[in-house]
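**Student:**
Numbering (the numbering used here), first residue to last: 38 to 209.
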């Protein structure tokens, strides 16, 4: 089976919200209509935000925001062209792998609601111990939602609370 997406071109742009930034936004025009793969990606990527009507799927992966539209894949926060190439190749490989396995996946068109910082904060120990490197548990919640920290960075978090937060966030 041939891949759904083949990289033809990678465009780098300085983020509109931060002109002159040392980080880059990456855009990959795609010939294939990615609308068909989005419900499968939504089923696999439990942390994705998918709008079936608008035909856009958004996901955070670490410090990168990923947006998939019918004829474009975009990734934020690339360091340079080499980093952009690596990020795009990994993402395209992941999308193609999901497309290849689509017979095994039940597509999902429901839109997930992203949890608020307060909802995440309420699941944390709220000790403000700073073991995670943040000034408070609320600040940790904000950074967790932004993808800057991981659940494992919160030392006092119990395994039960970690599981509950992972489910809330849609992460493994």
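Just so you know, even glycine gets a beta-carbon here, dropped at the ideal spot from N, CA and C. If you're wondering where the values come from, they're calculated on a predicted model, not measured in any experiment.
1) Count the other CB atoms within 10 Å of the CB of residue 183; is the residue buried (16 or more) or exposed (fewer)?
2) Hey, which unbroken runs of the alpha helix (DSSP H) at 4 residues or more fall wholly within the region 40-103?
3) From residue 70 to residue 110, what does the alpha carbon distance come to, in whole angstroms?
4) In terms of residue numbering, what span does the alpha helix (DSSP H) encompassing residue 196 cover?
5) Any contact between the region 152-162 and the region 171-181? By contact I mean 3 or more CB pairs, one from each, below 8 Å.
6) For the beta strand (DSSP E) that residue 183 lies in, which residues bound it at each end?
7) Between 90, 52, 60, 72, which lies nearest to residue 148 when the distance is taken from Cα to Cα?
8) For residue 88, which residues in the same chain have their Cβ closer than 7 Å to its Cβ, ignoring the five residues on either side in sequence?
9) Which whole-angstrom value describes the C-beta separation of residue 124 and residue 81, a residue pair presumed to lie in contact below a C-beta threshold of 8 Å?
10) Look at the Cβ atom of residue 133, then the Cβ atom of residue 42, and state whether they are nearer than 8 Å.
11) Could you tell me which uninterrupted alpha helix (DSSP H) segments, each at least 4 residues in length, are contained entirely in the region 109-176, listed from first to last along the chain?
12) Can you tell me which residues form a DSSP beta bridge with residue 106?
13) Measure the alpha-carbon distance for residue 201 versus residue 194 and round it to whole angstroms.
14) Using a 10 Å radius around the Cβ and a threshold of 16 neighbouring Cβ atoms, would you call residue 116 buried or exposed?
15) Could you name the residues of the same chain whose beta carbon sits closer than 8 Å to that of residue 186, not counting the 5 residues immediately before and after it, in chain order?
16) If residue 24 sits next to residue 137, beta carbons under 8 Å apart, how far is it from one beta carbon to the other, in whole angstroms?
17) With residue 76 and residue 108 assumed to form a contact (beta carbons below 8 Å), what rounded beta-carbon distance in angstroms separates them?
**Tutor:** In brief:
1) For the purposes of this step, residue 183 is taken as the residue at position 146 of the chain shown. Answer is exposed; the Cβ neighbour count stays below 16.
2) Taking only runs of at least 4 residues, the alpha helix (DSSP H) segments lying wholly in the region 40-103 are 75-81.
3) If you number the chain shown from 1, residue 70 lands on position 33. If you number the chain shown from 1, residue 110 lands on position 73. When rounded, the distance between both Cα atoms is 11 Å.
4) As a working note, residue 196 is residue 159 in the chain shown. That run of the alpha helix (DSSP H) goes 196-206.
5) Taking a cut-off of 8 Å for Cβ pairs, the region 152-162 and the region 171-181 touch, as three or more such pairs fall below it.
6) Within the chain shown, the letter at position 146 stands for residue 183. Segment 174-183 is the alpha helix (DSSP H) holding residue 183; no beta strand (DSSP E) there.
7) Numbered from 1 along the chain shown, position 111 holds the residue referred to as residue 148. Among 90, 52, 60, 72, the Cα nearest to that of residue 148 is on 90.
8) Translated into positions along the chain shown, residue 88 becomes position 51. Excluding residues within five positions, the ones whose Cβ falls inside 7 Å are 148.
9) Translated into positions along the chain shown, residue 124 becomes position 87. Translated into positions along the chain shown, residue 81 becomes position 44. The Cβ separation is near 18 Å, so there is no contact.
10) The sequence position of residue 133 within the chain shown is 96, counting from 1. The sequence position of residue 42 within the chain shown is 5, counting from 1. The answer is yes: Cβ separation under 8 Å.
11) Taking only runs of at least 4 residues, the alpha helix (DSSP H) segments lying wholly in the region 109-176 are 118-137, 154-160.
12) As a first step, residue 106 is located in the chain shown; it is residue number 69 there, counting from the start. Beta-bridge annotation (DSSP): residue 106 is paired with 109.
13) By one-based count along the chain shown, residue 201 stands at place 164. By one-based count along the chain shown, residue 194 stands at place 157. Distance between the alpha carbons of residue 201 and residue 194 is about 11 Å.
14) The residue given as residue 116 occupies position 79 in the chain shown. Within 10 angstroms of the beta-carbon of residue 116 lie fewer than 16 other beta-carbons, which makes it exposed.
15) Position 149 of the chain shown, counted from the start, is the residue given in the question as residue 186. Once the five neighbours on either side are set aside, the close Cβ partners of residue 186 are 169, 170, 171, 177, 180.
16) Within the shown structure, residues of the chain are numbered from 38 to 209, placing residue 24 beyond reach of any answer.
17) Position 39 of the chain shown, counting from 1, holds the residue named residue 76. Position 71 of the chain shown, counting from 1, holds the residue named residue 108. Not quite, the Cβ-Cβ distance comes to about 17 Å (not below 8 Å), so this is no contact.
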